[in-house]
Every structure is written in C-alpha cells, then in structure tokens.
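**Q** Residue numbers (full-length UniProt numbering): 1 to 215.
All C-beta atoms in this analysis are idealised placements derived from N, C-alpha and C, irrespective of residue type, glycine included.
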Amino acid sequence: MLARLVTQPRYFFKEQTKYRGTRTQSMLVVAIGIAFALTHVGAYYQLGDTAIDLYEVIILHVALSLAVPFGIWLTSTILMAMVSRILSRGLLIGELFRLVGWGLYPLLVAGLIQSAGRLYAIQGTAAPELGLFSHLSYEWEQYGTYLETANNDPVFLVATLLAVAAVLYAGYLWTIAVKELSHFDNVEIATSTALIISAIPTTLCLLWIAAPFYL
Numbered sequence: 001m002l003a004r005l006v007t008q009p010r011y012f013f014k015e016q017t018k019y020r021g022t023r024t025q026s027m028l029v030v031a032i033g034i035a036f037a038l039t040h041v042g043a044y045y046q047l048g049d050t051a052i053d054l055y056e057v058i059i060l061h062v063a064l065s066l067a068v069p070f071g072i073w074l075t076s077t078i079l080m081a082m083v084s085r086i087l088s089r090g091l092l093i094g095e096l097f098r099l100v101g102w103g104l105y106p107l108l109v110a111g112l113i114q115s116a117g118r119l120y121a122i123q124g125t126a127a128p129e130l131g132l133f134s135h136l137s138y139e140w141e142q143y144g145t146y147l148e149t150a151n152n153d154p155v156f157l158v159a160t161l162l163a164v165a166a167v168l169y170a171g172y173l174w175t176i177a178v179k180e181l182s183h184f185d186n187v188e189i190a191t192s193t194a195l196i197i198s199a200i201p202t203t204l205c206l207l208w209i210a211a212p213f214y215l
C-alpha cells in the first residue's frame, strides 16, 4: 500500500477517499513518534551512570516525541479544514483527517535520519553534572544543554537538511491529497489554493524538525 503512495500518489489518494478508518495511519504516526524518540532512548544509553538521574526527563522527552505527531495531525486537519472553507467551499474534515495522516509518512524517514545524526553528534559528549538534590527543571535544562552540543556538528546539520527535504516531500503529498479530496467532495480547488492549504502541516512539521535549534 505504501509503495503505491510513493510511486502513484495521485492514484493512492484518489482510492483512499473511498475508505474509512484511521487505524493504519495511527500506527504510522506512532512509528513516527518512536523514530524521533530514538534520540532520547539512545542518549539514555550514551549517558552511562548519569542516565539514572535523568530518567524522568528522558521519559518526558520520549512522551513528547510520541505526542507531537498526533498533535500535528489533529491541528493540521482542523486548520486545513478552516482555511479550505475560507478559500473555497470547504473540505470534509473526516476525509481530510485520514488523508493528512497518510501524508505524514515521510516524517518516519525524517525522524530516523535526524535521530541517527543527533546520536552520532553527541557521541563522546561529557554527561551533564547534576547536584545531589537537583530539581526536575534543572535536570531538564542540563539535558537540553547536553543535546545542544549536536547543533554545530556537520553530521547533524546534514541529517536535519535531509529531514527538511522529507518534510517538503510530505508537503507535495498533502497538495496532491487536497486536490484529490476536492474532486471527491465536488469542490473546485486550484493548485495555488491547495499549496496554501498544504503549507499548514508542512510548516508545523518544519518547526518540529527545527526545534533542536530554538528550544
């Protein structure tokens, strides 16, 4: 099924407008979250003895990595439906939700690449020094500083650029999805309008990919 999404995206989205259910998309989004969470799972093992003192922070980061893709999926769908209503007659939110979920699949590649690049970049980085009775906020800050050491590493920068390319490809898929859904809903949406609508999830995903550099 995913092979056809890669080789024949227009046909794939046209066919998917006929089916209901989001189980496969949900599994895909979970896999995306896991791909991004691998950064923190890998960091746990690289931290050695310090990891036990940072386990709460790492668990929170893993949970956040799992939650963000679902947040992007839901938020994007709502905003896309609202914008489509402003710019045209509006798209059916149920079908839109399903197709947006399928369009997220390049983020699985993005997550794996960026996680691998980040873990490579922090190899050999000294573990943060924690006090005997450090607070969670301090541990969060120290762990963030530890991860930030990757930000100037060429490998991580290249990995992030590749992740950005994957997101832009997802934007292309969302544009096709909007066009095909407009035909299904008997709503005429120009390509320029479809680009505006698909820019919503694309922008949210780009912000997520760039998060290591501003959060």
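Specify whether the segment 169 to 183 and the segment 98 to 113 touch according to this definition: at least 3 beta carbon pairs, one from each stretch, less than 8 Å apart.
**A** Taking 8 Å as the limit for Cβ pairs, the verdict is that the segment 98 to 113 does touch the segment 169 to 183.
**Q** Determine the closest residue to residue 184 out of 50, 89, 83 and 37, with distance taken between C-alpha atoms.
**A** If we check each option's Cα against that of residue 184, 89 comes out closest.
**Q** Whole angstroms are fine: how far does the CA of residue 61 sit from the CA of residue 162?
**A** Their Cα atoms are separated by approximately 22 Å.
**Q** Would a C-beta distance cut-off of 7 Å place residue 175 and residue 101 closer than the cut-off?
**A** Going by C-beta atoms, residue 175 is not nearer than 7 Å to residue 101.
**Q** Is any non-hydrogen atom of the ligand FAD found closer than 6 Å to the C-beta of residue 140, if you look at the structure I gave you?
**A** With respect to small molecules bound, the structure shown includes none, and the ligand FAD cannot be examined in it.
**Q** Can you look up residue 64 in the DSSP assignment and give me helix, strand or coil?
**A** Helix.
**Q** For a quick check, are the C-beta atoms of residue 121 and residue 150 less than 7 Å apart?
**A** In this structure, residue 150 lies closer than 7 Å to residue 121 by Cβ.
**Q** Along the chain, where does the alpha helix (DSSP H) containing residue 121 start, and where does it finish?
**A** It spans 106 to 121 - the alpha helix (DSSP H) in which residue 121 sits, taken as one unbroken run.
**Q** Evaluate contact between the segment 66 to 81 and the segment 23 to 36, counting only Cβ atoms and requiring at least three cross-stretch pairs below 8 Å.
**A** Contact holds: three or more Cβ-Cβ distances are below 8 Å.
**Q** Using 7 Å as the threshold, is the C-beta distance between residue 130 and residue 49 below it?
**A** No, these two residues do not count as a Cβ contact at 7 Å.
**Q** Count the CB pairs spanning the segment 8 to 22 and the segment 76 to 84 that are closer than 8 Å, and state whether there are at least three.
**A** As far as the Cβ criterion goes, the segment 8 to 22 does not touch the segment 76 to 84, which means the pair count is below three.
**Q** Within 10 angstroms of its Cβ, does residue 12 collect 16 or more other Cβ (buried), or is it exposed?
**A** Classification of residue 12: buried, given that the 10 Å Cβ count is 16 or more.
**Q** Grab me the residues of residue 206's own chain with a C-beta within less than 6 Å of its C-beta, minus the 5 sequence neighbours each way, in chain order.
**A** Closer than 6 Å at the Cβ level, and outside the excluded window around residue 206, lie 167.
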